[in-house]
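Structure first, commentary second.
Protein chains in written order, with the numbering used here: chain A, 1 to 278; chain B, 279 to 618; chain C, 619 to 913.
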């Protein structure tokens with residue numbers, strides 16, 4: 001197996017002032033693959049994503065290993081982190097309505113990523129941004145470049161977001177619920193664009209989601225998180241053969257087209273899930 | 279097209295609002311001027327005028343007419359620019375006010391530059407360090423500025439910086455022996471002296487304006503700081519700030535290039551309002567610093583009971599306030615892409 | 619959350635809320651300072667005859683402009699009156715102003731605001747327009763105009779301040795009333811045939827009262843500064859009343875040689891208005907649910 005992009009061993013995160021850890025000993029490795037992290041709200045999945053970028057103000061992050069390529073992330077200075085963020089590791093946020101700056105032109109926001117990390121002229125960055133907007137299948141990139149976020153649709157906004165985060169050709173992209181704010185009709189479209197780009201460029205992808213079906217279709221491997229720890233790791237195609245009762249519960253709670261009309265199962269949480277080791 | 283129509287109706291609605299507010303202002307000044315116990319005739323003719331003179335003046339002022347008719351005449355006078363004559367100076371009130379206004383505008387402008395220059399960075403600084411000690415220090419500092427009786431601080435500052443250390447000029451707009459040296463063209467001494475090439479006068483004027491302007495500015499910075507902080511906190515909690523950080527921008531770049539530009543419009547609005555309230559502080563500080571401006575003119579007339587002049591002053595302040603509100607609205611429309 | 623479960627004995631709900639607020643305020647050093655100063659102010663005003671060392675009006679022309687010390691803690695003024703005693707008695711004037719302004723402004727703001735907010739429509743438009751007209755003046759300038767017309771005196775200054783400081787209260791009460799207007803229990807009262815006046819007085823006003831009271835506290839610093847400003851301009855309290863602003867005005871003539879004449883009254887005004895501001899700042903935090911849950 002080739003050298004992994006990311007190695008995480010015993011990651012623990014505690015928010016300032018909180019009495020318990022939000023993430024308690026998460027361990028996984030990531031190669032050039034698409035990894036899904038699934039869990040309910042508050043399970044710590046988004047926290048893991050932001051911790052990798054060291055963007056959790058006020059939180060304490062500890063880990064035995066948090067290696068990204070050759071870098072040990074926890075020992076980097078903030079200055080060095082600035083060179084990692086956006087350039088080598090980036091993140092697609094949930095809702096383009098909020099994650100784009102409302103009073104700056106869309107294109108300038110995309111180009112900013114390039115300007116930040118490469119020595120180049122403004123026109124050069126602009127051309128790069130335009131090319132990237134085209135790569136995310138925006139039909140009239142020149143026009144969209146000049147628009148403000150409130151003038152474009154959610155699906156378009158999320159494609160802009162993808163363009164912005166992939167522009168510097170990172171090694172790893174974290175997608176934090178990238179489609180949950182979008183209309184069902186455009187979700188698939190956006191995911192396909194992301195998927196295509198990630199595959200073509202050999203970028204590692206961590207997809208954070210609460211949607212099992214989505215993760216099953218777009219990821220190679222799935223981590224199931226519950227209450228701050230990983231309870232089960234599975235290949236996406238083996239999801240149906242999950243053993244952990246929590247995963248099985250999640251699966252059972254999914255509605256199926258053509259399935260029975262009985263009420264869906266409700267998760268019956270067991271206290272021992274909190275402590276057992278995956 | 280639809281955007282244009284909305285804007286048009288917005289503008290029409292605004293004109294209507296302003297017209298109603300103006301009319302209300304006039305009603306208010308009219309009623310304060312006519313209905314309150316102070317007797318304008320007595321103020322004009324003096325205590326020992328004969329009954330006939332009194333009656334004559336009473337009629338000549340139209341005070342024997344019904345109220346609505348008086349109000350109508352008042353409106354007519356105001357709209358033809360006739361605000362009456364000041365009893366104290368014998369000049370048309372409006373001429374007096376135009377004469378003293380530049381001194382106050384100069385002071386207020388200097389003060390708002392100081393106030394905004396102090397308040398905006400402090401507000402950002404406090405927001406970025408929310409609930410840590412810099413935030414608390416800024417909070418106490420700005421509440422202090424908001425709490426001081428400015429007429430008193432003015433005196434203390436005069437005692438300390440002028441009388442004791444001699445660091446700044448004392449009362450008035452310039453040193454005594456420079457008065458009359460520079461021709462009044464704009465009425466703004468700093469500009470006039472530069473035009474005349476009188477650098478001595480210019481520096482004397484700077485020396486004199488710095489203390490009252492600093493005090494006014496400090497007191498108005500309290501409001502600016504508080505608002506900047508709260509605007510900034512709103513922005514720093516937004517997702518796009520995270521986006522900027524994810525892109526690799528540093529904390530400072532994120533604050534100034536992303537969050538701050540989002541509050542610029544709001545800042546302009548509140549700075550415009552703060553500018554208006556400076557007029558209030560100016561009334562007191564001009565008295566302390568013998569600053570020959572609008573505030574001093576108003577207080578002098580208050581003391582002599584020259585209601586004509588007082589009411590015109592009040593009206594003008596009201597109009598300035600409405601104007602500033604309108605201005606900030608217009609700026610909002612121009613600078614926020616979302617309103618286009 | 620924790621504060622309310624801690625209490626084992628039961629206080630009536632409003633008192634319990636008050637207790638929680640006070641506890642919250644005491645946690646922050648700045649608002650605790652504000653609370654302490656205001657408590658002190660009330661005590662000084664209440665026990666003025668006991669605290670004052672001299673008769674505040676007693677002149678002693680042999681001992682004018684005495685520096686602090688020698689039996690006169692803060693020195694004497696141009697008529698030989700003891701400044702400390704005048705300040706102590708002046709606390710009563712300050713409290714009177716605060717009390718009277720609140721008593722006038724609270725009901726006016728409450729009635730106008732709740733009526734406009736509950737009735738809505740034309741009544742609301744007209745009332746809010748009037749409020750806006752008052753709001754479009756800086757309060758000091760409008761108070762000046764009122765006092766100039768009414769004639770300078772402490773009572774007129776209080777009336778003028780009250781006349782100019784009700785609009786923010788009315789706006790707040792209106793906003794609150796509009797949220798309560800749609801509540802089910804209001805509809806229930808309406809269906810039972812209660813008149814609008816009855817609903818406003820019995821159901822809406824009590825709901826708006828707490829926030830109005832807090833807003834009044836927040837405004838007090840401005841009220842005190844305006845009152846002192848009027849006193850300073852000679853339009854408020856008249857001599858020989860020991861009003862702090864007026865004391866500064868008379869002391870001004872002697873300020874270069876006898877600094878204590880203006881210094882101590884100024885510090886008194888500054889302290890009290892700072893206390894109100896700090897307290898108000900704390901109250902704002904205390905009543906902001908986001909802040910309350912943080913601990």
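C-beta atoms are modelled at their ideal positions from N, C-alpha and C, and glycine is treated no differently.
Closer than 9 angstroms, Cβ to any Cβ of chain B: which residues of the segment 103–123 of chain A, in chain order? 103, 104, 105, 109, 112, 113, 116, 117
Within 8 angstroms (strictly less), CB to CB, does residue 370/B reach chain A? no
Can you tell me which of 391/B, 423/B, 471/B, 352/B puts its alpha carbon nearest to the alpha carbon of residue 339/B? 352/B
Count the other C-beta atoms from every protein chain shown that fall within 10 angstroms of the C-beta of residue 741/C, then say buried if there are 16 or more, exposed otherwise. Burial call: exposed.
Residue 611/B: contacting residues in chain A (beta-carbon distance under 7 angstroms): What residue 611/B touches in chain A: nothing, since even the nearest Cβ is about 14 angstroms away.
Measuring straight from C-alpha to C-alpha, what distance separates residue 612/B and residue 273/A? 57 angstroms
Neighbour flag for residue 605/B against chain C, beta carbons, 8 angstroms: Chain C, which has no Cβ nearer than 8 angstroms to the Cβ of residue 605/B, makes this no.
Grouping DSSP H, G and I as helix and E and B as strand, with all else coil, what is residue 48/A? In this structure, residue 48/A counts as helix in the three-state DSSP scheme.
Quick one: does the C-beta of residue 807/C sit closer than 7 angstroms to a heavy atom of the ligand GDP? This structure does not include the ligand GDP; it has no bound ligands of any sort.
If we cut at 8 angstroms on Cβ distances, does residue 148/A have a partner in chain B? yes
Taking residue 719/C as the query, report the chain B residues whose CB atoms sit under 8 angstroms from its CB, ordered along the chain. Simply none; closest approach about 17 angstroms.
Should residue 860/C go down as buried or exposed, given a rule of 16 or more other Cβ atoms within 10 Å for buried? buried
With residue 206/A as the anchor, note down where its alpha helix (DSSP H) starts and where it stops. Unbroken run through residue 206/A is the beta strand (DSSP E), 204–209; no alpha helix (DSSP H).
Ordered along the chain, which non-local residues of its own chain (more than five positions away) have a Cβ less than 7 angstroms from that of residue 310/B? 589
Residues near residue 163/A in its chain [Cβ-Cβ closer than 6 angstroms; skip 5 each side]: 110, 132, 133, 136
Less than 8 angstroms between CB atoms is the rule here; does residue 511/B satisfy it with respect to chain A? no
Could I get the ranges of all uninterrupted alpha helix (DSSP H) runs contained in the segment 126–156 of chain A, with 4 residues as the minimum, in chain order? For the segment 126–156 of chain A, whole alpha helix (DSSP H) runs of length 4 or above, ordered along the chain, are 141–145.
Residue 909/C by DSSP, collapsed to three states: which one? Caution applies to residue 909/C, whose pLDDT of 42 falls short of 50 and renders its modelled position unreliable; the value that the coordinates give is listed next. Looking at residue 909/C - three-state DSSP - the assignment turns out to be helix.
Residue 328/B - DSSP class collapsed to helix/strand/coil: Coil, per DSSP.
Please report the residue range of the beta strand (DSSP E) in which residue 23/A lies. 23–30
Best match in 34/A, 38/A, 18/A for proximity to residue 248/A [C-alpha to C-alpha]: 38/A
Starting from the beta carbon of residue 86/A, find every residue of chain B whose beta carbon is closer than 7 angstroms, and list them in chain order. 524, 525, 526, listed in chain order.
Per-residue DSSP class, three states only, for residue 278/A: Note that residue 278/A scores 47 on pLDDT, short of 50, meaning its location in the model is unreliable; the coordinates nonetheless yield the value given after this. Note: residue 278/A maps to coil in three-state DSSP.
Roughly how many angstroms separate the alpha carbons of residue 615/B and residue 179/A, rounded to a whole number? 26 angstroms
What residues from chain A crowd round residue 516/B, counting only those whose CB sits closer than 7 angstroms? 98
Is residue 296/B near residue 600/B, with beta carbons less than 8 angstroms apart? yes
Any residues in the segment 875–886 of chain C with a beta carbon nearer than 9 angstroms to a beta carbon of chain B? Which ones, in chain order? 877, 880, 881, 883, 884, 885
Taking buried to mean at least 16 other C-beta atoms within 10 Å of its own C-beta, is residue 513/B buried or exposed? buried
When you compare only the Cα positions, how much space is there between residue 35/A and residue 173/A? 10 angstroms
With a CB to CB cut of under 8 angstroms and the five nearest residues on each side skipped, what residues in its chain are close to residue 760/C? Closer than 8 angstroms at Cβ, skipping near neighbours: 752, 778, 781, 782.
Determine the direct distance from the alpha carbon of residue 823/C to that of residue 57/A, and round the result to whole angstroms. When rounded, the distance between both Cα atoms is 43 angstroms.
Does residue 217/A pass the burial test, meaning 16 or more other C-beta atoms within 10 Å, or should it be called exposed? exposed
What are the residues that DSSP puts in a beta bridge with residue 90/A? 173/A
Given that a residue counts as buried once 16 or more other Cβ atoms are within 10 Å of its Cβ, and exposed if not, what is residue 477/B? exposed
Are residue 643/C and residue 898/C close, meaning C-beta to C-beta below 8 angstroms? no
Buried or exposed: residue 261/A, going by 16 or more other Cβ atoms within 10 Å of its Cβ? exposed
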